[in-house]
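Q:
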Amino acid sequence: MISQRAMNYAKILDSLNVDKGNLDAAKKLLFNCKELMEVLENPAIKKKEKESVIDEIFDHEIAKFIKLLCENKMIQIFAEVMEAYDEIVCEHNNVLKAKLIYAEKPEDEKISQIKSMLCEKYNKSAVFLELEKDASLIGGYVLYVGDTEYNKSIKGALSEMQKTLIGR
Amino acid sequence: MSNMNQNDIISVLKSEIQDYEIKTTIKETGTVISIGDGIATVYGLDNAMYGELVEFETGVRGIVQNLNRKTIGCVLLGSDYGLKEGSKVVRTQKRAGVPVSDKVIGRVLNALGNPIDGKGAIETNEFYPIENEAAGVCTRKPVTVPLQTGILAIDSMFPIGRGQRELIIGDRQTGKTSIAIDTILNQKGQDVICIYVAIGQKASTVAKIVSTLTKHGAMEYSVVVSSSASDLAPLQYIAPYSGTAIAEYFMNQGKDVLIVYDDLSKHAVAYRTMSLLLERSPGREAYPGDVFYLHSRLLERSCRLDDKYGGGSITALPIIETLAGDVSAYIPTNVISITDGQIFLESELFFAGVRPKAAGSLRIDLAQYREMEVFTQFASDLDKTTKDLLDHGKHLIELLKQPLSKPLSLHEQVILLVTANNRLFNDVPVKDMKSFRSDLMDYFRAKYNNIIEEIDKSKVLTDELINEIIKAAKEFKK
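Protein chains in written order, with the numbering used here: chain A, 3 to 170; chain B, 4 to 481.
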């Protein structure tokens with residue numbers, strides 16, 4: 003779930019027009035380097051010291067943004083902000099985000115079929131399809147687009163059959 | 004079903020499974036982000052409607068009560084066992100409703116319309132939404148037909164009409180429920196369907212009421228909807244609406260329905276619980292702002308339909324419990340203002356003049372008696388008129404004393420009142436009133452059955468009939 007707070011920060015980040023490569027590098031650094039995050043989150047460390055660290059590591063525009071997060075004591079929601087930012091970027095580029103959970107990985111041809119079906123149905127230019135394996139589905143796949151769930155798995159069919167048989 | 008053998012069942016199951024067609028199911032799903040106290044906050048379900056029924060992955064259902072920007076607030080209609088953060092929730096695209104059919108008569112149901120009396124499932128495909136719009140102005144007809152409660156004090160002084168809403172209000176242990184139950188008992192053979200809705204009552208109390216109704220043969224035309232004190236607040240909240248939905252089903256068939264809400268103070272408390280948990284702003288006494296609308300939209304559904312629309316009616320007897328006789332508290336004043344008339348079960352208030360203003364001679368006599376009662380201690384110094392007044396009053400009070408679960412039929416009431424109004428009781432010693440009364444009725448039944456039949460048939464009291472009754476009563480006294 004993305005909070006309104008994270009969404010607001012993501013909008014600010016979007017308006018800064020940062021370079022995508024620089025942002026990816028910053029993301030990687032902050033997600034992987036635990037010590038750096040600990041320093042930035044620590045309220046005992048002075049603002050000046052934090053800022054000099056940030057200036058040294060990050061690119062100019064991104065440094066500005068991270069400084070803002072630190073000042074507002076919001077650096078801990080950085081991951082959530084990034085998620086919200088991805089959503090905004092997707093919206094800008096008319097890209098649909100969807101999630102495919104499968105028991106056995108479908109062939110590439112099938113995946114591209116699903117993608118083109120989604121493009122047509124939701125009137126989008128591209129689809130970013132997140133893939134996930136879940137053996138408990140037994141067979142088939144489940145496709146999530148926003149709130150809508152397209153269930154074509156054995157597990158789903160079995161639970162539907164159970165419902166019909168016990169008449170609930 | 005019971006005479007099916009094992010092999011039959013297995014073959015039916017087999018064919019069902021063989022013919023089962025695997026389809027792609029398309030559902031709108033959301034995710035639980037927090038759950039507690041019977042309230043679930045669900046992320047997603049962007050298209051969910053207010054009041055829609057949603058289903059959780061454990062099979063428990065909920066009603067959408069709050070719509071926020073990214074989340075919705077649902078009240079659970081069952082146990083939250085097995086639900087956790089991340090549990091899936093599915094839209095049903097239906098509004099909450101109760102199953103209805105003629106088979107619900109004689110049954111005890113929960114707030115969702117499912118039987119809880121262990122007499123098996125009620126098979127029906129018809130559903131009525133629990134929240135329904137009240138009948139409009141053009142579809143209604145004035146209230147003209149009375150509904151006898153069988154309680155002399157009420158039927159003689161504050162008669163209730165079919166389609167009316169009469170509030171029964173009073174402190175605990177003043178006999179509010181007994182009035183309602185007596186009224187239900189008195190509907191035997193009157194072609195009236197009775198619905199008793201218990202909200203937040205002890206299960207033992209409900210069981211006692213059901214056994215009273217069964218004992219007197221009243222379950223043949225009654226339905227009990229029970230949401231006891233241990234039920235979740237949302238279930239207590241929807242119970243009266245479910246009861247009204249069942250009542251509307253019968254009303255739409257042109258039947259007269261009597262519905263008792265016992266009691267609406269507990270209903271308001273359940274709604275307050277729910278609203279506070281849904282984080283709605285508390286107002287006076289921590290009730291939410293729409294607590295008035297809560298009861299007005301419920302009671303507005305009672306009506307008498309025009310003949311064009313079937314001519315059925317719903318008569319409502321809401322019950323309100325007051326604390327220390329305080330009728331000016333928040334909920335009592337609200338419900339008093341919605342209802343057409345009130346029965347106060349608080350002796351001092353009852354006689355102090357707080358009652359509908361329409362006058363009948365019995366009421367005036369009683370009021371005069373109450374005014375003069377303080378002078379009884381000077382009995383020897385009083386003039387004759389006052390003495391007569393006091394004597395008459397004493398006899399009237401004696402006449403209105405009535406044992407529990409013994410409603411009086413129409414002809415009994417009429418004969419007793421005509422006799423009393425003509426002061427024919429006044430020379431009978433007060434302690435002998437009870438036996439005199441029953442002897443008088445026996446005499447009428449034995450010798451003047453034609454009068455009884457005339458009253459029951461025509462339901463009109465002519466001067467001729469009055470004279471006949473007086474004549475017969477005088478004859479009996481000789």
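Backbone N, C-alpha and C fix where the C-beta goes; we use that ideal spot for every residue, glycine too.
1. So, under 8 Å CB-CB, A128 of chain A and V97 of chain A are touching, yes? Tell me the CB distance rounded to an integer number of Å.
2. Cα-Cα, which of B:K450, B:Q239 and B:G47 is closest to M3 of chain A?
3. Secondary structure at V357 of chain B, three-state DSSP: helix, strand or coil?
4. Can you pull the chain A neighbours of R72 of chain B, defined as C-beta to C-beta under 9 Å?
5. To which residues of the same chain is E106 of chain A closer than 8 Å at the C-beta, ignoring the five residues directly before and after it?
6. Below 9 Å on C-beta distance, what does E162 of chain A contact in chain B?
7. So the beta strand (DSSP E) N19 of chain A belongs to, where does it begin and stop?
8. Find the residues of chain B that neighbour E93 of chain A, judging by a C-beta separation of less than 7 Å, and give them in chain order.
9. Please tell me whether A159 of chain A has its Cβ less than 7 Å away from any Cβ of chain B.
10. Given that E151 of chain A touches chain B, what residues does it touch there, using C-beta distances under 9 Å?
11. Roughly how many angstroms separate the alpha carbons of R440 of chain B and P406 of chain B, rounded to a whole number?
12. Compute the Euclidean distance between the alpha carbons of A43 of chain B and M52 of chain B, then round it to the nearest angstrom.
13. Do G491 of chain B and K258 of chain B have their C-beta atoms closer together than 7 Å?
14. Report yes or no: is there a C-beta of chain B within less than 7 Å of the C-beta of M3 of chain A?
15. Which chain C residues sit within Cβ distance under 9 Å of K154 of chain A?
16. Quick check on DSSP: helix, strand or coil for L352 of chain B?
17. Distance, Cα to Cα, Q229 of chain A vs R275 of chain B?
18. Would you mind giving the Cβ-Cβ distance between G61 of chain B and I172 of chain B, rounded to the nearest angstrom? I have them listed as a contact below 8 Å.
19. Under 7 Å between the Cβ atoms of A250 of chain B and I262 of chain B?
20. Beta-carbon separation of D16 of chain A and I90 of chain A under 7 Å?
21. Taking only beta-carbon atoms, is I36 of chain B less than 7 Å away from chain A?
22. Please report how far the alpha carbon of N189 of chain B lies from the alpha carbon of F59 of chain B, in whole angstroms.
23. Taking C-beta pairs closer than 9 Å, name the residues in chain A that D49 of chain B reaches, listed in chain order.
24. Which residue from A:T150, A:F130 and A:K157 puts its Cα closest to that of V143 of chain A?
25. Considering only heavy atoms of the ligand SAM, does any lie closer than 6 Å to the CB of E134 of chain B?
26. Please check if any C-beta of chain A sits within less than 7 Å of the C-beta of Y296 of chain B.
27. Can you name, in chain order, every residue of its own chain whose Cβ lies under 8 Å from the Cβ of T150 of chain A, other than the five neighbours on each side?
28. Who are the near neighbours of Y131 of chain B in its chain, counting only those whose CB is closer than 8 Å to its CB and skipping five residues on each side?
29. For the segment 185-203 of chain B against the segment 330-342 of chain B, do three or more pairs of beta-carbon atoms, one drawn from each stretch, fall closer than 8 Å, so that the two count as touching?
30. In chain B, which residues lie less than 8 Å from L167 of chain A when you measure between Cβ atoms?
31. Can you tell which of B:K460, B:T465 and B:A476 has the C-alpha that lies nearest to the C-alpha of Q193 of chain B?
32. Would V260 of chain B and S229 of chain B be called neighbours here (beta carbons separated by less than 7 Å)?
33. How long is the line joining the alpha carbons of P432 of chain B and H398 of chain B, rounded to whole angstroms?
34. If I125 of chain B sits next to V146 of chain B, beta carbons under 8 Å apart, how far is it from one beta carbon to the other, in whole angstroms?
35. Tell me, please, which residues DSSP counts as bridged to A201 of chain B.
36. Quick one: list the residues of chain A neighbouring Y46 of chain B, beta-carbon separation under 7 Å, in chain order.
A: For this structure:
1. A Cβ-Cβ distance of about 5 Å is found for the pair A128 of chain A and V97 of chain A, placing them in contact under the 8 Å criterion.
2. Comparing Cα positions, the closest option is B:G47.
3. Caution applies to V357 of chain B, whose pLDDT of 38 falls short of 50 and renders its modelled position unreliable; the value that the coordinates give is listed next. DSSP places V357 of chain B in coil when its eight states are reduced to three.
4. Result: Q6.
5. Within its own chain, the residues whose Cβ lies closer than 8 Å to the Cβ of E106 of chain A, once the five positions on either side in sequence are excluded, are G141, listed in chain order.
6. Here the neighbours are Y23, I25, K26 and T28.
7. Run containing N19 of chain A: none; DSSP gives neither H nor E here.
8. Within 7 Å of the CB of E93 of chain A, no CB atom of chain B is found; the nearest one sits about 15 Å away.
9. Against chain B, the CB of A159 of chain A has a partner CB under 7 Å away; the residue lies at that interface.
10. What E151 of chain A touches in chain B, judged by beta-carbon distance under 9 Å, is T28, I29, K30, E31, T32, K91 and V93, going in chain order.
11. Each residue's alpha carbon lies about 13 Å from the other.
12. Going by the C-alpha atoms only, they are around 16 Å apart.
13. Chain B is shown only over 4 to 481; residue 491 of chain B falls outside these bounds and no answer can be derived.
14. It does: the Cβ of M3 of chain A has a partner Cβ on chain B nearer than 7 Å.
15. In the structure shown, chain C cannot be found, because the protein chains are A and B.
16. Note that L352 of chain B scores a pLDDT of 45, beneath 50, so its modelled location is shaky; the value from the coordinates is reported in the next line. Reduced to three states, the DSSP call for L352 of chain B is helix.
17. Any question about residue 229 of chain A goes unanswered here, given that chain A covers just 3 to 170.
18. At residue 61 of chain B the sequence reads Thr, which differs from the Gly that was named. For T61 of chain B against I172 of chain B, the beta-carbon gap comes to about 41 Å, at or over 8 Å, which does not count as contact.
19. Cβ atoms of A250 of chain B and I262 of chain B: closer than 7 Å.
20. Yes. Within cutoff.
21. Yes, its Cβ sits closer than 7 Å to a Cβ of chain A.
22. Between N189 of chain B and F59 of chain B, the C-alpha separation is close to 44 Å.
23. By Cβ distance, chain A contributes G148 and D149.
24. According to the sequence shown, residue 143 of chain A is Tyr rather than Val. Residue A:K157 holds the alpha-carbon nearest to the alpha-carbon of Y143 of chain A among A:T150, A:F130 and A:K157.
25. Judged by which ligands are present, the structure shown has none, so any question about the ligand SAM falls away.
26. Output row for Y296 of chain B: interface = no.
27. Exclusion of the five residues before and after T150 of chain A leaves no residue of its chain whose Cβ lies closer than 8 Å to its Cβ.
28. So the qualifying residues of the chain are G100, V101, V103, A248, I249, E251 and Y252.
29. No, the segment 185-203 of chain B does not touch the segment 330-342 of chain B.
30. Neighbourhood of L167 of chain A in chain B, by CB distance below 8 Å: L16, E19 and I20, in chain order.
31. Q193 of chain B has its Cα closest to that of B:K460, out of B:K460, B:T465 and B:A476.
32. Pairing V260 of chain B with S229 of chain B gives a Cβ-Cβ distance that is not under 7 Å.
33. Going from the Cα of P432 of chain B to the Cα of H398 of chain B covers about 9 Å.
34. Not a contact, Cβ separation roughly 32 Å.
35. Beta-bridge pairing links A201 of chain B to B:S229 and B:D265.
36. Correct list: M3.
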